[in-house]
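Peer 1:
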Amino acid sequence: MRIGLLTGGGDCPGLNAVIRAVVRTCDSRYGSSVVGFQNGFRGLLENRRIQLHNDDRNDRLLTKGGTMLGTARVHPEKLRAGLTQIMQSLDDNGIDVLIPIGGEGTLTAAHWLSEENVPVVGVPKTIDNDIDCTDVTFGHDTALMVATDAIDRLHSTAESHQRVMLVEVMGRHAGWIALNAGLASGAHMTLIPEQPFDVEEVCRLVKRRFQRGDSHFICVVAEGAKPAEGSMKLVEGGMDEFGHERFTGVAAQLAAEVEKRINKDVRVT
């Protein structure tokens, strides 16, 4: 059996470890060879690939960051239009099964291929942890650890300067990083995309903490957090080339609004 492997979307910790595990398992357990397509689905569209080997080069991948296959984002419409070309590329390379490693976009394209009767085994990769039917996607734990560590350190600075600090973290449509990092670091408030926030409520909680003698306030803000209707006007950034909403810094806009309403030093990081 001949296996095709690719990594799509953004890079995250663990990609090379997964590539290593696939190559090692396919070779030692099943005697199957693995072909790596370079730069995600673009490699399949352009038929760019390398043979992956279960040797010392593969072992050195375990602790190496990024992805040795490279990655790229391809517009969904281009992928849809190129399905026939992708299937031809798989056929030309004698691929029996495709293993795409990626998040929402990559696995959506993988689903399209499966609907065309291409055998696919998707590996859920995203720091956002927003893939259905999976408890924790790889990449999320490291993102959570880094965010929590950063917020832990900001507590000291905020307390020393008696400041309000807003920490913006990734999370376009899902607030798992913000929510879990906020809980783990003892943040005083967390704003997530799933729940619109009220600026007046944010200001009320900030004032209440300082009125009772507390020295600082930490709020974790997911990049996709949105104000409730009529709460504040958020400057929109339009759409990027892949059809994703372009964010313009909700934390910075919220900080300016809070600072104006409560006359308190508010910083953003």
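Number 82 in the working numbering belongs to position 101 of the sequence shown; there are no gaps in the numbering. Glycine residues also receive a C-beta, built at the ideal position from the N, C-alpha and C atoms. Treat the numbers as computed from the prediction; the structure is a model and nothing was measured.
(1) Does the pairing of the stretch -5 to 3 with the stretch 56 to 73 give three or more beta-carbon distances under 8 Å?
(2) What residue range does the alpha helix (DSSP H) around residue 163 cover?
(3) For residue 168, which residues of its own chain have a beta-carbon under 7 Å away from its beta-carbon, when the five flanking residues on both sides are left out?
(4) Is it buried or exposed for residue 177, if we count other Cβ within 10 angstroms and need 16 for buried?
(5) According to the neighbour-count rule (16 or more other Cβ atoms, all chains shown, within 10 Å of its Cβ), is residue 73 buried or exposed?
(6) Taking DSSP as the reference, what is the three-state secondary structure of residue 208?
(7) What would DSSP say about residue -6, mapped onto helix, strand or coil?
(8) Would residue 75 be called buried (16 or more neighbouring beta carbons within 10 Å of its own) or exposed?
(9) Measuring only the C-alpha atoms, how far is residue 92 from residue 30?
(10) Please report the distance separating the alpha-carbon of residue 17 from that of residue 239.
(11) Please report the distance separating the alpha-carbon of residue 35 from that of residue 5.
(12) On the premise that residue 106 lies in contact with residue 115, defined as a C-beta separation below 8 Å, what is that separation, rounded to the nearest angstrom?
(13) Would a check of beta-carbon distances place residue 202 closer than 8 Å to chain C?
(14) If I measure Cβ to Cβ from residue 154 and keep anything under 7 Å in the same chain, skipping five residues before and after, which residues do I get?
(15) Helix, strand or coil for residue -16, going by three-state DSSP, please let me know.
(16) By the 10 Å Cβ neighbour count, where 16 or more other Cβ atoms means buried, how is residue 109 classified, buried or exposed?
(17) Would you report the Cα separation of residue 212 and residue 123, rounded to the nearest angstrom?
(18) So what does DSSP say about residue 184, is it helix, strand or coil?
(19) Under 8 Å, do residue 99 and residue 71 count as touching if we go by C-beta distance?
(20) Leaving out five residues on either side along the sequence, give the residues of the same chain with a beta carbon under 8 Å from the beta carbon of residue 151.
(21) Quick check on residue 234: does DSSP put it in helix, strand or coil?
(22) For the stretch 46 to 98, list the alpha helix (DSSP H) runs that are entirely contained and at least 4 residues long, ordered along the chain.
(23) Can you name the residues that DSSP bridges to residue 106?
(24) Using CA coordinates, which residue listed in 97, -15 and 47 is at the minimum distance from residue 24?
(25) Quick check: the Cα distance between residue 235 and residue 137, rounded to an integer number of angstroms?
(26) Anyone know if the C-beta pair for residue -13 and residue 81 falls short of 8 Å?
Peer 2: This is what the structure holds:
(1) Counting Cβ pairs under 8 Å, fewer than three are found: no touch.
(2) By one-based count along the sequence shown, residue 163 stands at place 182. Unbroken alpha helix (DSSP H) run through residue 163: 157 to 166.
(3) Translated into the one-based positions of the sequence shown, residue 168 becomes position 187. Cβ within range, chain order: 132, 199, 200 and 201.
(4) Here the question's residue 177 lines up with position 196 in the sequence shown. With a threshold of 16 other beta carbon atoms within 10 Å, residue 177 falls short and is exposed.
(5) Looking up residue 73 in the sequence shown gives position 92. It is exposed - the Cβ of residue 73 has fewer than 16 other Cβ atoms within 10 Å.
(6) In the sequence shown, the residue the question calls residue 208 occupies position 227. It is a strand residue.
(7) Numbered from its first residue, the sequence shown carries residue -6 at position 13. DSSP places residue -6 in coil when its eight states are reduced to three.
(8) Residue 75 sits at position 94 when you count from the first residue of the sequence shown. Note on residue 75: under 16 other CB atoms within 10 angstroms of its CB, so exposed under the neighbour-count rule.
(9) In the sequence shown, the residue the question calls residue 92 occupies position 111. In the sequence shown, the residue the question calls residue 30 occupies position 49. Near 21 Å, if we compare the C-alpha coordinates of residue 30 and residue 92.
(10) Taking the sequence shown and counting its residues from 1, one reaches residue 17 at position 36. Taking the sequence shown and counting its residues from 1, one reaches residue 239 at position 258. One C-alpha to the other measures close to 50 Å.
(11) Position 54 of the sequence shown, counting from 1, holds the residue named residue 35. Position 24 of the sequence shown, counting from 1, holds the residue named residue 5. Straight-line Cα distance between these residues: approximately 5 Å.
(12) As a working note, residue 115 is residue 134 in the sequence shown. As a working note, residue 106 is residue 125 in the sequence shown. The C-beta separation of residue 115 from residue 106 comes to about 10 Å, leaving the pair out of contact by the 8 Å criterion.
(13) The structure shown contains no chain C; it holds only a single protein chain.
(14) Position 173 of the sequence shown, counted from the first residue, corresponds to residue 154. Excluding sequence neighbours, residue 154 sits near 111, 174 and 205.
(15) Taking the sequence shown and counting its residues from 1, one reaches residue -16 at position 3. Under the three-state reduction of DSSP, residue -16 is assigned to strand.
(16) Against the sequence shown, residue 109 aligns to sequence position 128. It is buried - the Cβ of residue 109 has at least 16 other Cβ atoms within 10 Å.
(17) On the sequence shown, residue 212 is found 231 positions in, with the first residue counted as 1. On the sequence shown, residue 123 is found 142 positions in, with the first residue counted as 1. So the alpha carbons of these two residues sit roughly 34 Å apart.
(18) As a working mapping, residue 184 is identified with position 203 in the sequence shown. Reduced to three states, the DSSP call for residue 184 is helix.
(19) Numbered from its first residue, the sequence shown carries residue 99 at position 118. Numbered from its first residue, the sequence shown carries residue 71 at position 90. For residue 99 and residue 71, yes; Cβs fall inside 8 Å.
(20) Translated into positions along the sequence shown, residue 151 becomes position 170. Counting only Cβ-Cβ distances below 8 Å, and skipping sequence neighbours, we find 108, 109, 124, 158, 203 and 204.
(21) Locating residue 234 in the sequence shown gives position 253, where the first residue counts as 1. Of the three classes helix, strand and coil, the one that applies to residue 234 here is helix, per DSSP.
(22) Those alpha helix (DSSP H) runs which fall completely within the stretch 46 to 98 and span 4+ residues are 57 to 62, 64 to 73 and 85 to 96.
(23) Within the sequence shown, residue 106 is the residue found at index 125, counting from 1. Residue 106 is bridged to 119.
(24) Here residue 24 refers to the residue found at position 43 of the sequence shown. Selected option, being the one with the closest Cα: -15.
(25) Counting from one through the sequence shown, the residue named residue 235 turns up at place 254. Counting from one through the sequence shown, the residue named residue 137 turns up at place 156. Roughly 22 Å separates the two Cα atoms.
(26) In the sequence shown, the residue the question calls residue -13 occupies position 6. In the sequence shown, the residue the question calls residue 81 occupies position 100. Yes, the Cβ-Cβ distance between residue -13 and residue 81 is below 8 Å.
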